[in-house]
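Accompanying notes for the structure given below.
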Amino acid sequence: MNARETIFGRIREALSHPAHKSGGHDQASPKPLGAATAADCMPFGGANAAEQLALFAQNAKELAADFYLVETPEELHAQLAELAQREGWKRVASHAGELTAAACKVLGLPVTLTDGGYDVADLEASDAGITECEALVAQTGSVLVTSRACGGRGLSVLPPHHVVLARRSQLVADLNAAFALLEARYAPSYPSMISFISGPSRTGDIERILVLGAHGPKKLTIFCL
Amino acid sequence: MSTTPTAALFKERATTITKDLRHRAVIRGALQKYGVVRDAKKARFRDWQGARTAASEVKWQAINHLDTHLAQFAEKLEARGGIVHWARDGAEARQIILDIVRSKNAHAIVKSKVMTGEEIHINDALEEAGFEVVESDLGEYICQLRHEAPYHFVFPAMHLTRGEISDLFTEKLGTAPTNSPEELTMIARKVLRDKYIRADIGISGANFAIAETGMISITENEGNARLTCALPKTHIALLGIEKVLPKLSDLALFLPMLGTVGCGQLLTGYNTMYGGPKQPGEADGPEEFHVVLLDNRRTDLLASTEQRDALQCIRCGGCLNVCPIYKNIGGHTYGATYQGPIGSVITPHLRGLQEWKHLVFCSSLCGACTEACPVKIDLHHHLLQSRRDAITEKPVWWEKLTFQAVGMVFNRAWLFSLGMKLGRIGQIFHPLIKNTPLDPARAWTRARELPKVAPQTFREWWNQRK
Chain L
1 MNARETIFGR
11 IREALSHPAH
21 KSGGHDQASP
31 KPLGAATAAD
41 CMPFGGANAA
51 EQLALFAQNA
61 KELAADFYLV
71 ETPEELHAQL
81 AELAQREGWK
91 RVASHAGELT
101 AAACKVLGLP
111 VTLTDGGYDV
121 ADLEASDAGI
131 TECEALVAQT
141 GSVLVTSRAC
151 GGRGLSVLPP
161 HHVVLARRSQ
171 LVADLNAAFA
181 LLEARYAPSY
191 PSMISFISGP
201 SRTGDIERIL
211 VLGAHGPKKL
221 TIFCL
Chain P
1001 MSTTPTAALF
1011 KERATTITKD
1021 LRHRAVIRGA
1031 LQKYGVVRDA
1041 KKARFRDWQG
1051 ARTAASEVKW
1061 QAINHLDTHL
1071 AQFAEKLEAR
1081 GGIVHWARDG
1091 AEARQIILDI
1101 VRSKNAHAIV
1111 KSKVMTGEEI
1121 HINDALEEAG
1131 FEVVESDLGE
1141 YICQLRHEAP
1151 YHFVFPAMHL
1161 TRGEISDLFT
1171 EKLGTAPTNS
1181 PEELTMIARK
1191 VLRDKYIRAD
1201 IGISGANFAI
1211 AETGMISITE
1221 NEGNARLTCA
1231 LPKTHIALLG
1241 IEKVLPKLSD
1251 LALFLPMLGT
1261 VGCGQLLTGY
1271 NTMYGGPKQP
1281 GEADGPEEFH
1291 VVLLDNRRTD
1301 LLASTEQRDA
1311 LQCIRCGGCL
1321 NVCPIYKNIG
1331 GHTYGATYQG
1341 PIGSVITPHL
1351 RGLQEWKHLV
1361 FCSSLCGACT
1371 EACPVKIDLH
1381 HHLLQSRRDA
1391 ITEKPVWWEK
1401 LTFQAVGMVF
1411 NRAWLFSLGM
1421 KLGRIGQIFH
1431 PLIKNTPLDP
1441 ARAWTRAREL
1451 PKVAPQTFRE
1461 WWNQRK
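Residue numbers (the working numbering), protein chains in the order written: chain L, 1 to 225; chain P, 1001 to 1466.
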């Protein structure tokens, strides 16, 4: 018998005996969930677009991400150019996309496009990775990226600064809505990577003190059009 | 209790460390910071207890239909080009991973945090076979440099101060001493960046496996798992068979609960789902994606009709962080891969009850762990059940004899009152032998006073009253 068959045999044998359910001794919440669904128990994601936007901005700030609401593409480009100048970017990395293409053109810096494959050294040498996103999640302040729509796996995590270009219409209330959106957009052939990014890379491994930029980006900037 | 070498070592370590005031201050400091942020995030839930009930229910169903979900997970993942391996035990899992690494002619391996890897000692196996393995999680990297096991399965280096880490880096990496956690983090970042770029193999764990879509989900803060799964040509994920969840959308419940109880964050920095190797049209990612599913006696725990729910564990570490025992004896004292209350529950199942039974006795049964658990595992009740099992399986002769004697005395009023009288006389002379090898109550009197026998029993008083 091979390992797979042995393991399935053991599982089926074990499951042929019904077991005591967990939580039987729990004093804090002895009652069953009743009519409420799991989603009703989770942190609030905002009832309408205005609330969601305010919540996202607040959560992003808490996560030490920079969030800018911009009204026009011109304003976005001006702010991005100013950011590039302030930080002294010499080269950036990005991917093919409506917002990213226009932004890279305005910056006028050497660009590594990741779409058709790339040299890791080029991406490593880039001062910023500029990507679009699948959604912004109000409930958690997260940016949802996938390998298919956002330039692959490395672009949003290797350069020291991750810049996200998003539209207000991409805002969703909570994680449930984000998963529903992914399902509608991709099921059953999902991208090979789906990532919820909540703030810049961080660690608390030394004395539980927060340090930003552990392995991934030290900064996360989100422009929302 | 009869003492095995494992139990003796445990006792020795515990005795030393409980007197270590520096250790106590470091752990308290770290856990206090954690407690504040955890409670703030819990307050954001509209119904925390409801969320626990829901999470417990989903995991319970998942575990009780494990065969169906595992079969679906494997089928979906294989359809997307993933390669699924099954390992009955640690030796098989090590062999599978070694075979993959050898077949790729790999030189350098980069690892993100994987507790299942600690469980099967994969680093030792790979290093013995001549491969360079680097831990990329900062805490794990520090532990690796110190050649020691993680102190806590979520916060591996929680027991160290910045000074000790600075000394370690100076000694091993030749960097200048610094008192800044930020500078220390940047040193590790720089060293490890280079390792990522050179690595041919990335090894990760997984927090969840999604049956519906054939994906694994990894929760992390640093971005090291993201890089581990992006740059090397081959990605190997090692996980226990109990990690499976039915639906992708179940993560909407589990990711915030794991982040909240695990680190005091609503969501950790990166929560990432991987379904297969690089797909057609994608920019990057590994050419091969291997998933190794490990049993290693998890099916024994599944067969326990009383403690099956322990497989619901999502390894958030919440029970460790509230445990008075953990806070006093620290993570290394346990000597097991998984520390704290959940470790004390599952280790005897995974590694043998008689050898590890001292862990189930090492609890105040206060129930703080059970209350903290986001999936409502009956942790402290399981410790009690395992005590019963350990004694039933192998009774301790002198305990049995003692209880027989106590029963005999308590059943006979004259014997009981004689005992009281003798006790009154005995306690006058007890100080002469107190805390010497002659003292029959030495285990108690070493650190405590014996209670005084009352000058008059209730019975005597009642009779005198008439």
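All C-beta atoms, glycine included, are put in the ideal place defined by N, C-alpha and C.
Under the 8 Å criterion on CB atoms, G1275(P) is classed as interfacial with respect to chain L.
Its Cα nearest to that of P1246(P), the residue I1063(P) stands out among L1021(P), A1303(P) and I1063(P). Per DSSP, the beta-bridge partners of G1240(P) are L1294(P). Listed along chain L, the residues sitting closer than 7 Å to E1182(P) by beta-carbon distance are V211. At least one C-beta of chain L is nearer than 8 Å to the C-beta of K1033(P). T1161(P) carries a coil assignment under DSSP once its states are collapsed to helix, strand and coil. For T1016(P), there are no C-beta contacts with chain L under 7 Å, since the nearest C-beta of that chain is about 23 Å from it. Taking the Cβ atoms as the reference, G1275(P) lies roughly 24 Å from C1316(P), outside the contact range of under 8 Å. Contact holds between the segment 9-17 of chain L and the segment 1065-1076 of chain P, because three or more Cβ pairs, one in each stretch, are under 8 Å apart. Listed in chain order, the beta strand (DSSP E) runs fully inside the segment 1104-1154 of chain P are 1108-1111 and 1132-1135, counting runs of at least 3 residues.
According to the DSSP assignment, Y1270(P) belongs to no alpha helix (DSSP H) but to the beta strand (DSSP E) extending over Y1270 to Y1274. Listed along chain L, the residues sitting closer than 8 Å to F1045(P) by beta-carbon distance are C41, M42 and P43. Exclusion of the five residues before and after G1264(P) leaves Y1034, V1037, R1038 and K1041 as the residues of its chain whose Cβ lies within less than 6 Å of its Cβ. Per DSSP, the unbroken alpha helix (DSSP H) holding L1031(P) starts and ends at L1021 to K1042. For a Cβ distance threshold of 8 Å, residue set L1255, L1267, Y1270, N1271 and T1272 of chain P lies close to F196(L), ordered along the chain. At a cut-off of 8 Å between beta carbons, F179(L) contacts chain P.
With a cut-off of 8 Å on Cβ pairs, the segment 1363-1379 of chain P is not in contact with the segment 1393-1400 of chain P, counting fewer than three such pairs.
Of the other Cβ atoms in all chains shown, fewer than 16 fall within 10 Å of the Cβ of A1441(P); this residue is therefore exposed. Between the C-alpha atoms of G213(L) and Y1196(P) there is a straight-line separation of about 16 Å. For A1230(P), the residues of chain L that pass the 7 Å Cβ criterion are R153, G154 and V157, in the order they occur in the chain. Between A1230(P) and V164(L), the C-beta spacing is not below 8 Å. The alpha-carbon separation between L1031(P) and R1162(P) amounts to approximately 16 Å. Not a single C-beta of chain P is nearer than 8 Å to the C-beta of H161(L). Close to P18(L), with beta-carbon spacing below 9 Å, are these residues of chain P in chain order: N1064 and T1305.
Residue burial is scored here from C-beta neighbours: H1147(P) has fewer than 16 other C-beta atoms within 10 angstroms and is therefore classed as exposed.
Fewer than three pairs of CB atoms, one per stretch, sit closer than 8 Å, so the segment 1285-1304 of chain P makes no contact with the segment 1405-1418 of chain P.
Apart from the 5 residues on each side of it in sequence, P1181(P) sits with its Cβ closer than 6 Å to the Cβ of R1162 in its chain, given in chain order. Per the DSSP secondary-structure output, C224(L) pairs in a beta bridge with L69(L) and A166(L). Where F1073(P) is concerned, the enclosing alpha helix (DSSP H) starts and stops at L1066 to A1079.
A direct Cα-Cα distance of roughly 39 Å separates G1330(P) from P1286(P). R1022(P) has a beta carbon lying at 8 Å or more from every beta carbon in chain L. Non-local beta-carbon contacts of I1165(P) in its own chain, meaning distances under 8 Å to residues more than five positions away in sequence, involve I1142, A1157 and L1184 in chain order.
Per DSSP, reduced to three states, the secondary structure at F56(L) is helical. For the segment 78-96 of chain L, the beta-carbon criterion of a distance under 9 Å to any beta-carbon of chain P is satisfied by H95. Its chain contains S94, H95 and A96 as the residues whose beta carbon lies nearer than 7 Å to that of L113(L), once the 5 sequence neighbours on both sides are disregarded; these appear in chain order. Look at the segment 112-154 of chain L and you find these whole runs of alpha helix (DSSP H), each 4 residues long or longer: 120-125.
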